[in-house]
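Trainee: Residue numbers (UniProt numbering): 1 to 168.
In this text, a Cβ means the ideal position worked out from N, Cα and C, and glycines have one as well.
Quantities reported herein were computed from a predicted structural model and do not represent experimental measurements.
1) In three-state DSSP terms, what is residue 87?
2) Please classify residue 151 as buried or exposed, where buried requires at least 16 neighbouring CB atoms within 10 angstroms.
3) Mind checking which residues open and close the alpha helix (DSSP H) that includes residue 97?
4) Given that a residue counts as buried once 16 or more other Cβ atoms are within 10 Å of its Cβ, and exposed if not, what is residue 117?
5) The alpha helix (DSSP H) that contains residue 148, what's its start and end?
6) So what does DSSP say about residue 9, is it helix, strand or coil?
7) On the DSSP letters alone, give me the boundaries of the alpha helix (DSSP H) that residue 62 sits inside.
8) Within the chosen definition, does the stretch 60–76 reach the stretch 13–32 through at least 3 CB pairs nearer than 8 Å?
9) Which residues in the same chain as residue 15 place their Cβ atom closer than 6 Å to its Cβ, once the five residues preceding and following it in sequence are excluded?
10) Since residue 7 and residue 126 should fall inside the 8 Å C-beta cutoff, what is the C-beta to C-beta distance between them, to a whole number of angstroms?
11) Taking C-alpha atoms, which residue in 45, 105, 113 and 5 lies nearest to residue 141?
12) So, under 8 Å CB-CB, residue 39 and residue 101 are touching, yes? Tell me the CB distance rounded to an integer number of Å.
13) Tell me the rounded alpha-carbon separation between residue 13 and residue 164.
Below, the structure is given as structure tokens:
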């Protein structure tokens, strides 16, 4: 039964790309768990706590994405061997230095944001407002988080683009 009143053929690319996003988030989640368990050094307390916050957030998104796929009347991919095949986010050693961990997460954020935009393009073609709404919120949240991790990663002597503000 088509209770969504949407074109099922136009929804298929949305579902396929949501499954890639689901795979990406599962690998991202596990990477965060590994970083959380293996962080060492002077930034231990800050990053141990931040990584836990991030993997808890990713866990919620994993469930949301899977439930969106179910709402669109398809089964979500749910085997790790399939996630590894289709994900754009890749596994890395969890035994990195703190700055390398943050740099790796920023690279993953780029991949997640790119995949979210792929899903959005298909959702727009399918007039799938539910997916559009969900991913719009995710994009804003992930962009802000990326800005914060990037700011943490910078040296205190770095600066942002000042071309648009008047210099005193």
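Mentor: According to the structure data:
1) Reduced to three states, the DSSP call for residue 87 is coil.
2) Looking at its Cβ environment, which holds fewer than 16 other Cβ atoms inside 10 Å, residue 151 is exposed.
3) Per DSSP, residue 97 lies in no alpha helix (DSSP H) and is assigned neither H nor E.
4) Around the beta-carbon of residue 117, fewer than 16 other beta-carbon atoms lie within 10 Å, marking it exposed.
5) Per DSSP, residue 148 belongs to the alpha helix (DSSP H) from 129–153.
6) Residue state for residue 9 is assigned as helix, using DSSP reduced to three classes.
7) Element bounds for residue 62: 44–71.
8) Touching, yes, given that three or more Cβ pairs across the two stretches are closer than 8 Å.
9) The answer, listed in chain order, is 69, 72 and 74.
10) The pair is a contact, with the Cβ atoms about 6 Å apart (cut-off 8 Å).
11) For residue 141, the closest of 45, 105, 113 and 5 by C-alpha to C-alpha distance is 113.
12) Contact holds; Cβ gap of about 7 Å.
13) Straight-line Cα distance between these residues: approximately 40 Å.
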